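Q: Just dropping this structure here.
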Amino acid sequence: MLDQATNVRRIVSEIRHETFSRHSSGGGSPRVLAVTGGKGGVGKTLTTANLGLCLARLGMRTLLIDGDFGLANLDVVLNLRPEHTLDDVLAGEKDLKDIILDGPEGLRVVPSASGLLKVSELGRVQKLLLLDQIESLEEEFDVVIIDTPAGISKNVQYWTSAAAEVVVVTTPEPAAMADAYATMKVLSQMMREERFRLVVNMVRNDEEGLKVYDRIATLADEFLSVKVEYLGCVVFDDAVRNAARERVSYVQRFPFSAAARGMRAIAAQLASEKDSVSPKGSMQFFWKRMVTAGQQDVFA
Ligand SMILES: Nc1ncnc2c1ncn2[C@@H]1O[C@H](COP(=O)(O)OP(=O)(O)OP(=O)(O)O)[C@@H](O)[C@H]1O
Ligand SMILES: [Mg+2]
């Protein structure tokens, strides 16, 4: 019987082989973004859902993945009722493509189940195979957005490693700013992340959003030597809470609200960059880097 280490080596080598051949065949790959932020309740899930909807409306084929295995709620926010979740994929009972839900506006969603599994508790092989399954969908989507849980657990490190772009969500609250900074610190030191995009949620006005960005970007540049780019801000708006209560996105339910305007501007900013080449590259490139460079092992 093969031991675990031999198994893992075989799977990594198969994936590497496939990755290199796909990479060199030049097939289209989606932009993969992870939404993170450190502090709980800053608006990561609502940003994922509403940003996804705005991008879908702009004509981008958009997939959202609920990466919060502990408190999965992307399906709740979008009023979807999953029959199967990532747990079934991880148990080997379903393929990823079989559990994808159709959301509003052509948006597609990979749901997670609450409270059953944590990525940090998954085996190495499961983690590798999950990413491989996500990669296998690459030609069907222009953009993939992964909602991650609060904190900077192995789970968050795993998802941010899988994504070429890391979107950090914060609010003007000092504790949220400190957590956003700490997240960047951990990801830059442990995962060699060099570039972050910032969304400032629950601001009073645009000026406050810019001030928060300025402060975080200056500190990150000075002490972490990482680049933080501003994606925009979303005001504190009752429309957000009211829509959440009705289990619909605020960009759909209250399209003329100040929050929806802010989110549309963020989506427009991202969409306008769609031809830009990320220095970290696509997921394929991530794989290449991961298996060859021996970076921090998020699969352990
Ligand atoms: N711009 C906003 N204006 C007003 N309220 C907001 C705004 N953004 C988020 N909220 C409120 O904050 C709550 C938490 O949002 P959300 O679930 O997206 O946060 P989260 O960062 O994903 O939380 P967790 O860390 O628990 O995953 C929402 O239910 C909503 O009521
Ligand atoms: Mg959340």
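FYI, in my numbering the residues of the sequence shown are 338 to 637. A virtual CB, placed ideally from N, CA and C, is assigned to each residue, including glycine. Since the model is a prediction, treat every value here as computed from it, not as a measurement.
Give the secondary structure of residue 556 by DSSP, where H, G and I count as helix, E and B as strand, and everything else as coil.
A: helix
Q: Start and end of the beta strand (DSSP E) containing residue 371?
A: 368–373
Q: Please say whether residue 524 and residue 506 have beta carbons closer to each other than 8 Å?
A: no
Q: Any residue with its C-beta under 5 Å from a non-hydrogen atom of ligand 2 counts. Can you list them all in chain order?
A: 381, 382
Q: By the DSSP assignment, the alpha helix (DSSP H) with residue 497 in it spans what residues?
A: Boundaries of the alpha helix (DSSP H) harbouring residue 497: 491–499, taken from the DSSP string.
Q: Under the rule that 16 or more other beta-carbon atoms within 10 Å means buried, what is residue 319, buried or exposed?
A: Look at the range of the chain in this structure, 338 to 637, and you will see that residue 319 is not part of it.
Q: Any heavy atom of ligand 1 closer than 7 Å to the beta-carbon of residue 578?
A: For residue 578, the CB falls within less than 7 Å of some heavy atom of ligand 1.
Q: Just mark residue 478 as buried or exposed, buried being the case when its beta carbon has 16 or more other beta carbons within 10 Å.
A: buried
Q: Where residue 496 and residue 593 are concerned, what is the direct C-alpha to C-alpha distance, given to the nearest angstrom?
A: 33 Å
Q: May I ask which residues mark the beginning and end of the beta strand (DSSP E) holding residue 532?
A: 532–540
Q: Report the residue from 560, 546, 558 whose alpha carbon sits nearest the alpha carbon of residue 600.
A: 546
Q: What would DSSP say about residue 502, mapped onto helix, strand or coil?
A: strand
Q: Going by other Cβ atoms of all chains shown within 10 Å of its Cβ, with 16 needed for buried, is residue 435 buried or exposed?
A: exposed
Q: I'd like the list of long-range same chain contacts for residue 602, defined as Cβ closer than 6 Å, with 5 residues on each side in sequence excluded.
A: 569
Q: Taking residue 405 as the reference, give the member of 422, 538, 552, 551 with the closest Cα.
A: 422
Q: Just tell me which of 392, 432, 383, 521 has its CA closest to the CA of residue 444.
A: 392
Q: Buried or exposed: which applies to residue 583, given that a residue is buried once 16 or more other Cβ atoms fall within 10 Å of its Cβ?
A: Exposed, by the Cβ-count rule.
Q: Output needed for residue 531: all residues of its chain with C-beta closer than 6 Å, excluding positions within five of it in sequence on either side, in chain order.
A: 563
Q: Alpha carbon to alpha carbon, what distance is there between residue 418 and residue 607?
A: Separation of residue 607 and residue 418 (C-alpha to C-alpha, rounded to the nearest whole angstrom) is 29 Å.
Q: Using 7 Å as the cut-off, classify the Cβ of residue 591 as near or not near the heavy atoms of ligand 1, replying yes or no.
A: no
Q: Count the C-beta pairs between the stretch 473–492 and the stretch 367–383 that are closer than 8 Å, then say yes if the count reaches three, no if not.
A: yes
Q: When the distance is taken between beta carbons, is residue 441 closer than 8 Å to residue 388?
A: no
Q: Taking the Cβ atom as the reference point for each residue, do residue 449 and residue 500 lie within a distance shorter than 8 Å?
A: No; because the gap between Cβ atoms is not below 8 Å, this pair is not in contact.
Q: Exposed or buried, residue 526, counting other C-beta atoms within 10 Å across all chains shown (16 or more means buried)?
A: exposed
Q: Quick check on the burial criterion: 16 or more other C-beta atoms within 10 angstroms. Buried or exposed for residue 604?
A: Residue 604 should be labelled buried.
Q: How should residue 475 be labelled, buried or exposed, when 16 other C-beta atoms within 10 angstroms of its C-beta is the threshold for buried?
A: buried
Q: Determine the burial state of residue 430: buried for a count of at least 16 other Cβ atoms within 10 Å of its Cβ, exposed for fewer.
A: exposed
Q: Provide the residue span of the alpha helix (DSSP H) that contains residue 436, from first to last.
A: 433–436
Q: Excluding five sequence neighbours on each side, which residues of the same chain lie with their C-beta closer than 6 Å to the C-beta of residue 370?
A: 482, 500, 502, 504
Q: Along the alpha helix (DSSP H) that carries residue 411, what are the first and last residues, could you check?
A: 411–414
Q: Looking only at its own chain, which residues have a Cβ that is under 7 Å from the Cβ of residue 493, when we skip the five neighbours before and after it?
A: 373, 485, 486
Q: Leaving out five residues on either side along the sequence, give the residues of the same chain with a beta carbon under 7 Å from the beta carbon of residue 575.
A: none
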